[in-house]
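Here's the structure we're looking at; comments come further down.
Below, the structure written as structure tokens:
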């Protein structure tokens with residue numbers, strides 16, 4: 003019984019000494035990132051690229067997908083009155099994707115509608131391609147950022163066990179301290195990957211919705227041509 007009492011007292015004394023000797027450390031967010039290791043540099047660069055791409059693509063897509071409230075009604079009115087040149091000029095001056103598609107259709111009025119539809123479809127594909135430009139980079143970042151973070155963590159763990167093999171120091175403090183630092187890389191990689199994935203999906207969804215609106219407007223344009231003829 004005396005042995006267990008002495009053993010328990012020794013554990014309590016050791017814990018008390020450790021709690022006194024280890025001051026509480028408060029790290030800023032930037033300092034915490036730095037503890038992730040060298041792999042944090044490409045991860046931070048990828049996060050900046052991802053955010054920049056999302057902002058640039060969002061602004062570009064917004065500009066290209068604008069549709070004025072009375073745009074198609076004005077086109078319909080001009081075509082009904084036989085003002086084909088005015089309708090084409092109005093569509094071109096709109097300077098949006100739908101304006102270019104409708105303008106292409108007006109340019110070939112008089113041709114068989116199958117040809118008009120082909121020209122409009124080609125123009126629509128070009129405009130959609132402009133919107134999707136560089137979106138694949140977001141997909142690439144979403145894929146490689148988590149893997150980079152995992153590589154950083156694995157490299158850190160290898161380093162921890164290498165140091166243990168040299169120093170024979172297997173204390174919980176050494177292992178847990180090294181692990182939390184290296185897990186920062188994995189966490190950052192996942193955050194960057196998720197951010198890029200969400201941005202890519204949101205932008206792609208915005209493009210898909212506009213493509214459906216453009217199809218509806220092309221059908222309406224066909225109806226106008228059939229009425230005109």
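Numbering (the numbering used here), first residue to last: 3 to 231.
Note that the Cβ used here is the ideal one computed from N, Cα and C, for glycine as well.
- Can you tell me the Cα-Cα spacing of residue 165 and residue 46, whole angstroms? Looking up residue 165 in the chain shown gives position 163. Looking up residue 46 in the chain shown gives position 44. Annotation: residue 165 to residue 46 spans about 27 Å, alpha carbon to alpha carbon.
- Query: What first and last residue would you give for the alpha helix (DSSP H) that runs through residue 89?
  - Reply: Counting from 1 along the chain shown, the entry for residue 89 is found at position 87. Membership of residue 89 in the alpha helix (DSSP H) is indicated by the continuous run 86 to 95.
- Bridge partner(s) assigned by DSSP for residue 113: Counting from 1 along the chain shown, the entry for residue 113 is found at position 111. In the DSSP output, where bridge partners are listed per residue, residue 113 has 111.
- Message: Measuring only the C-alpha atoms, how far is residue 61 from residue 159?
- Response: The count along the chain shown starts at 1 and reaches residue 61 at position 59. The count along the chain shown starts at 1 and reaches residue 159 at position 157. Near 42 Å, if we compare the C-alpha coordinates of residue 159 and residue 61.
- Task: Could you spell out where the alpha helix (DSSP H) holding residue 78 opens and where it closes?
- Result: Translated into the one-based positions of the chain shown, residue 78 becomes position 76. Boundaries of the alpha helix (DSSP H) harbouring residue 78: 73 to 82, taken from the DSSP string.
- Item | the region 112 to 119 contacting the region 128 to 141, beta-carbon criterion three pairs below 8 Å | No, the region 112 to 119 is not in contact with the region 128 to 141.
- Give me the Cα-Cα distance between residue 211 and residue 68, rounded to the nearest whole angstrom. Within the chain shown, numbered from 1, the residue matching residue 211 stands at position 209. Within the chain shown, numbered from 1, the residue matching residue 68 stands at position 66. Linking residue 211 to residue 68 through their CA atoms gives a straight-line distance of about 12 Å.
- Query: In chain order, what residues of the same chain have a beta carbon less than 7 Å from the beta carbon of residue 126, not counting five sequence neighbours either side?
  - Reply: Counting from one through the chain shown, the residue named residue 126 turns up at place 124. These residues qualify, in order along the chain: 103, 216.
- Look at the alpha carbon of residue 228 and the alpha carbon of residue 74, and state the distance between them as a whole number of angstroms. By 1-based counting over the chain shown, the position of residue 228 is 226. By 1-based counting over the chain shown, the position of residue 74 is 72. Those two C-alpha atoms are separated by around 16 Å.
- Whole-Å CB distance - residue 201 paired with residue 147, under 8 Å assumed: What you label residue 201 is simply residue 199 of the chain shown in a count that begins at 1. What you label residue 147 is simply residue 145 of the chain shown in a count that begins at 1. Incorrect: roughly 12 Å between the Cβ atoms, too far for contact.
- Distance, residue 93 Cα to residue 50 Cα: Locating residue 50 in the chain shown gives position 48, where the first residue counts as 1. Locating residue 93 in the chain shown gives position 91, where the first residue counts as 1. Straight-line Cα distance between these residues: approximately 37 Å.
- Message: Measuring only the C-alpha atoms, how far is residue 80 from residue 198?
- Response: In the chain shown, residue 80 corresponds to position 78, counting from 1. In the chain shown, residue 198 corresponds to position 196, counting from 1. Approximately 44 Å between the Cα atoms of the pair.
- Query: Straight-line CA distance for residue 53 to residue 59?
  - Reply: For the purposes of this step, residue 53 is identified with residue 51 of the chain shown, where counting begins at 1. For the purposes of this step, residue 59 is identified with residue 57 of the chain shown, where counting begins at 1. Residue 59 has its alpha-carbon roughly 10 Å from the corresponding atom of residue 53.
- Sequence-distant residues of the same chain with beta carbon closer than 7 Å to residue 218, five excluded per side: Translated into the one-based positions of the chain shown, residue 218 becomes position 216. The answer is none, since no qualifying residue turns up.
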